[in-house]
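Undergrad: I'd like to ask you about the structure that follows.
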Amino acid sequence: MPRPQPARDGPDGGRPGPTGPVELLADLDRPRAWMLLAGDVPQSYVDLDDPRHLELEYMRRLGHLIDLAAPAGMPLRVLHLGGGGLTLARYVAATRPGSRQLAVEADAEVARLVRRRLPLAQAGQPRPGTGRIRVRVADARAVLEQVPAGSFDMIVMDVFAGGRTPAHLTSAEFTATAARALAPSGWYAANVSDGPPLAHARGRVAAVRSVFRHACVIAEDTVLRGRSFGNLVVAAADHELPV
């Protein structure tokens with residue numbers, strides 16, 4: 036984990052969002068890397084100099100799924116439900132140039148701070164061919180219900196409010212709406228945070244399995260066995276998963 040230090044944000048740091056102050060902590064070990072917190076809960080880790088660097092373990096798992104979703108370098112259409120610091124969107128842009136991505140972030144203060152302090156375009160660093168990343172400040176389900184059927188190759192679900200995923204984003208109905216938005220070869224991936232006795236995670240997995248033909252859960256052994264709190268990544272599709 037990074038050695039954090041509060042960012043010298045002036046007016047940009049500590050403004051309240053729906054779940055509390057939104058802040059950036061600098062990583063003392065990486066010169067232009069930041070941890071984004073909302074209400075004291077870590078939301079994202081972003082390295083502006085190396086978008087391929089995924090510091091958080093669950094992010095590395097999601098990144099690995101993105102790597103497996105298509106041949107290396109092939110552009111993808113990706114919907115990120117939960118934008119945060121746009122860590123995965125930056126990763127996709129760096130590893131799959133030409134990808135078209137939409138990131139949906141419900142917290143307007145998170146989106147504002149990321150736009151100002153963690154911009155996608157860096158001065159003096161043109162990004163030819165990286166594709167387009169659009170950001171919308173809106174509710175994830177509202178946007179998902181509006182997108183055309185079959186319009187994405189991958190949907191990444193990573194929405195938290197105060198450390199919990201809102202209930203209207205966890206149901207089988209929501210998952211079915213996500214499946215409708217995927218191409219036949221598409222993937223659905225969700226970050227789930229839970230601890231013993233894993234009641235929330237079991238409910239999320241049941242919802243996914245009721246919609247998709249294939250699903251798997253990736254997590255540390257102690258988390259899967261219900262011995263510790265942590266992140267579980269759920270992957271699903273209507274085709275076999277190479278994991």
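Take 36 as the starting number for the sequence shown in the working numbering and just add one per residue. For every residue, glycine included, the Cβ atom is placed at its ideal position computed from N, Cα and C. No experiment lies behind these values; they were computed from the predicted model shown.
Which partner residues of ASP82 appear in the DSSP bridge assignment?
TA: Indexing the sequence shown from 1 puts residue 82 at position 47. Answer is ALA68, bridged to ASP82.
Undergrad: Could you tell me the boundaries of the alpha helix (DSSP H) in which GLU208 lies?
TA: Reading the sequence shown from its first residue, position 173 is the one you call residue 208. Run containing GLU208: 207 to 216, per the alpha helix (DSSP H) assignment.
Undergrad: Could you pull the DSSP bridge partners for GLU255 from this structure?
TA: Here residue 255 is taken as the residue at index 220 of the sequence shown, counted from 1. Bridge partners of GLU255: none, in fact.
Undergrad: Determine, for ALA196, whether the minimum Cβ-Cβ distance to residues of chain B falls below 8 Å.
TA: Checking the listed chains, one finds no chain B in this structure; it contains a single protein chain.
Undergrad: Would you call ALA219 buried or exposed, if buried means 16 or more other Cβ atoms sit within 10 Å of its Cβ?
TA: As a first step, residue 219 must be located in the sequence shown, where it is residue number 184. In the sequence as presented, Ala is not what sits at residue 219; that position holds Pro. That one is exposed.
Undergrad: For GLY108 versus VAL194, is the C-beta spacing smaller than 8 Å?
TA: Against the sequence shown, residue 108 aligns to sequence position 73. Against the sequence shown, residue 194 aligns to sequence position 159. Contact flag unset, no.
Undergrad: Give me the Cβ distance between GLY185 and LEU217, rounded to the nearest whole Å; I'm assuming they're in contact under 8 Å.
TA: Within the sequence shown, the letter at position 150 stands for residue 185. Within the sequence shown, the letter at position 182 stands for residue 217. 7 Å between Cβ atoms; contact.
Undergrad: Mind checking whether HIS249 and ALA214 have CB atoms under 8 Å apart?
TA: Numbered from 1 along the sequence shown, position 214 holds the residue referred to as residue 249. Numbered from 1 along the sequence shown, position 179 holds the residue referred to as residue 214. It is not a contact, given that the beta carbons lie outside the stated cut-off.
Undergrad: Per the contact definition of three or more C-beta pairs closer than 8 Å, is the region 174 to 188 in contact with the region 90 to 100?
TA: The region 90 to 100 vs the region 174 to 188: no contact.
Undergrad: Based on the DSSP secondary-structure assignment, which residues constitute the bridge partners of LEU137?
TA: Here residue 137 refers to the residue found at position 102 of the sequence shown. DSSP lists LEU114, ARG169 as partners of LEU137.
Undergrad: Taking 7 Å as the limit between beta carbons, can you name the residues of its chain near PRO53, skipping five residues before and five after?
TA: Locating residue 53 in the sequence shown gives position 18, counting from the first residue. Contacts found: ASP142, ALA196.
Undergrad: Can the beta-carbon of TRP222 be found closer than 8 Å to that of MET189?
TA: Your numbering for residue 222 matches position 187 in the sequence shown. Your numbering for residue 189 matches position 154 in the sequence shown. A contact, by the Cβ cut-off of 8 Å.
Undergrad: Cα-Cα, which of ASP75, LEU123, ALA146 is closest to VAL81?
TA: Translated into the one-based positions of the sequence shown, residue 81 becomes position 46. Nearest of ASP75, LEU123, ALA146 to VAL81, Cα basis: LEU123.
Undergrad: Taking LEU60 as part of the beta strand (DSSP E), name the residues at either end of that continuous run.
TA: Indexing the sequence shown from 1 puts residue 60 at position 25. Where LEU60 is concerned, the enclosing beta strand (DSSP E) stretches over 55 to 62.
Undergrad: Pick from LEU155, GLY265, ARG239: whose alpha carbon is nearest that of HIS203?
TA: For the purposes of this step, residue 203 is taken as the residue at position 168 of the sequence shown. With distances taken between Cα atoms, HIS203 lies closest to ARG239.
Undergrad: For my contact list, ARG67 and LEU83 are in at a C-beta cut-off of 8 Å; report their separation, rounded to the angstrom.
TA: Position 32 of the sequence shown holds residue 67. Position 48 of the sequence shown holds residue 83. So it is a contact: roughly 4 Å between Cβ atoms.
Undergrad: Which of the three DSSP states is assigned to GLY279 in this structure?
TA: Not covered by the structure: residue 279. The range shown for the chain is 36 to 278.
Undergrad: Quick check on the DSSP output: the alpha helix (DSSP H) that includes VAL127 runs from which residue to which?
TA: Here residue 127 refers to the residue found at position 92 when the sequence shown is read from its first residue. Per DSSP, VAL127 belongs to the alpha helix (DSSP H) from 122 to 130.
Undergrad: Select from GLY198, ALA129, GLN78 the residue whose C-alpha is nearest the C-alpha of PRO110.
TA: As a working note, residue 110 is residue 75 in the sequence shown. When only C-alpha atoms are compared, the closest one is ALA129.
Undergrad: Hey, how far is the Cα of VAL172 from the Cα of GLY119?
TA: Here residue 172 refers to the residue found at position 137 of the sequence shown. Here residue 119 refers to the residue found at position 84 of the sequence shown. The straight-line gap from Cα to Cα measures roughly 11 Å.
Undergrad: With DSSP run on the structure shown, which of helix, strand or coil describes HIS88?
TA: Reading the sequence shown from its first residue, position 53 is the one you call residue 88. HIS88 falls in the coil class under three-state DSSP.
Undergrad: Can you tell me whether GLY238 is helix, strand or coil according to DSSP?
TA: As a position in the sequence shown, residue 238 is number 203, starting the count at 1. It is helical.
Undergrad: Between ALA211 and the rest of its own chain, which residues show a CB-CB distance below 7 Å, the 5 nearest in sequence each way excluded?
TA: Stepping through the sequence shown from its first residue, residue 211 is reached at position 176. Cβ within range, chain order: VAL246.
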